[in-house]
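Participant: Below are the structure tokens for one structure; questions will follow.
Set out below in structure tokens:
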């Protein structure tokens, strides 16, 4: 954080933003009338440069002052354009793999920007369909890749293949978790209940979150973000809307996939609780065996606490 503050003071954010804008113009084949940012910029692969500049902006977006600076420079338009490039490429099956670094870098930046309440609502209104489209596209790509691996090489549960796609899905779940936090209208839009905001050729956000959790059951950080997203969404929904999430197999995924990882079990419990389920909590003994927990949770039993000492 200290280094980021130094870079920000030195004016790194405007430079990084200009680089990303220029690269996006070239990606869109729109040309650029701007001066060369550096004499050596054409020596770089601009696709890699675009990904690196977006990734650098992501790690710079650590507090509200820096985010507001980015907003003033037009980062929301840049993010929207980058998402547009990714969505356009995703219609070409052969381009999905080559677009994965750009997709991941863009969603990573969006994830950090969504820490700001005003920004996340703006992005939800303008770019939610694109984010969900990207999620669904790469889930389909990963499914096809898994089928190929099983046919040609056999199933390798510990294979590193698909790792990049898992990171993309983690970023997407993190975005949806942030969007739904304290924002009922965003939660409704994510599941497809908004007033046309969630249009497009894709499934509801809750279904895509659960698909991502099923596709990468061992990616614990993804499981945690998925749980947080489902919990934040569910806490703002009516009972009828919560039933849509449960119908998408949420209880099984939260209980038996996310719930079995110590690092995501508490978030899984919170999501199940807010969905109206009665989750069973287990504990591990020193031998690795699971037993049903007998720990009493606050609020589940009548307390004998006396608020006034007599």
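Residue numbers (this note's numbering): -15 to 294. The beta carbon of each residue, even a glycine, is placed where N, CA and C say it ideally should be.
In whole angstroms, what separates the C-alpha of residue 91 from that of residue 152?
Facilitator: Using only the alpha carbons, I get a separation of about 7 Å.
Participant: Are the Cβ atoms of residue -6 and residue 39 separated by less than 7 Å?
Facilitator: No, they are not a contact pair.
Participant: From 29, -12, 202 and 73, pick the residue whose C-alpha is nearest to that of residue 3; which is it?
Facilitator: With distances taken between Cα atoms, residue 3 lies closest to 29.
Participant: Just reading off the alpha helix (DSSP H) that residue 68 is part of, what are its end residues?
Facilitator: 59 to 74 is the extent of the alpha helix (DSSP H) around residue 68.
Participant: With DSSP collapsed to three states, give me the class of residue -9.
Facilitator: Helix.
Participant: Where does the unbroken alpha helix (DSSP H) through residue 102 begin, and where does it stop?
Facilitator: Element bounds for residue 102: 101 to 136.
Participant: Three or more beta-carbon pairs under 8 Å between the region 241 to 249 and the region 220 to 230, yes or no?
Facilitator: With the cut-off at 8 Å, the region 241 to 249 and the region 220 to 230 do not touch.
Participant: Classify residue 299 as helix, strand or coil using the three-state DSSP reduction.
Facilitator: The shown model of the chain, from -15 to 294, leaves out residue 299, and the question about it has no answer.
Participant: Excluding five sequence neighbours on each side, which residues of the same chain lie with their C-beta closer than 7 Å to the C-beta of residue 15?
Facilitator: Residue confidence is low: residue 15 scores 44 on pLDDT, short of 50, so the model does not pin down where it sits. Its coordinate-derived value is still stated next. Result list for residue 15: 9, in chain order.
Participant: Tell me whether the beta-carbon of residue 71 lies closer than 7 Å to the beta-carbon of residue 114.
Facilitator: In contact: residue 71 and residue 114 (Cβ atoms closer than 7 Å).
Participant: Please report the residue range of the alpha helix (DSSP H) in which residue 42 lies.
Facilitator: Start and end: 30 to 44.
Participant: Start and end of the alpha helix (DSSP H) containing residue -2?
Facilitator: Where residue -2 is concerned, the enclosing alpha helix (DSSP H) stretches over -4 to 11.
Participant: For residue 203, does the count of other Cβ atoms within 10 angstroms reach 16, so buried, or fall short, so exposed?
Facilitator: Classification for residue 203: buried.
Participant: With C-beta atoms as the reference, is residue 175 less than 7 Å away from residue 160?
Facilitator: Not closer than 7 Å, so no.
Participant: Going by other Cβ atoms of all chains shown within 10 Å of its Cβ, with 16 needed for buried, is residue 237 buried or exposed?
Facilitator: It is buried - the Cβ of residue 237 has at least 16 other Cβ atoms within 10 Å.
Participant: I'd like to check one pair, residue 42 with residue 93: are the Cβ atoms closer than 7 Å?
Facilitator: Result yes, Cβ atoms of residue 93 and residue 42 sit closer than 7 Å.
Participant: Below 8 Å on the Cβ atoms is my contact criterion, and I expect residue 256 with residue 232 to pass it. Report the Cβ-Cβ distance as a whole number of Å.
Facilitator: Not confirmed; about 14 Å, so no contact.
Participant: Assuming residue 155 and residue 95 form a contact by the criterion Cβ under 8 Å, report the distance between their Cβ atoms to the nearest whole angstrom.
Facilitator: Right, their Cβ atoms sit about 5 Å apart.
Participant: If we call anything under 7 Å between Cβ atoms a contact, is residue -15 one with residue 59?
Facilitator: For residue -15 and residue 59, no; Cβs fall outside 7 Å.
Participant: Determine the direct distance from the alpha carbon of residue 37 to that of residue -10, and round the result to whole angstroms.
Facilitator: Distance between the alpha carbons of residue -10 and residue 37 is about 17 Å.
Participant: Go ahead and label residue 235 buried or exposed: buried means 16 or more other beta carbons lie within 10 angstroms of its beta carbon, across all protein chains shown.
Facilitator: Classification for residue 235: buried.
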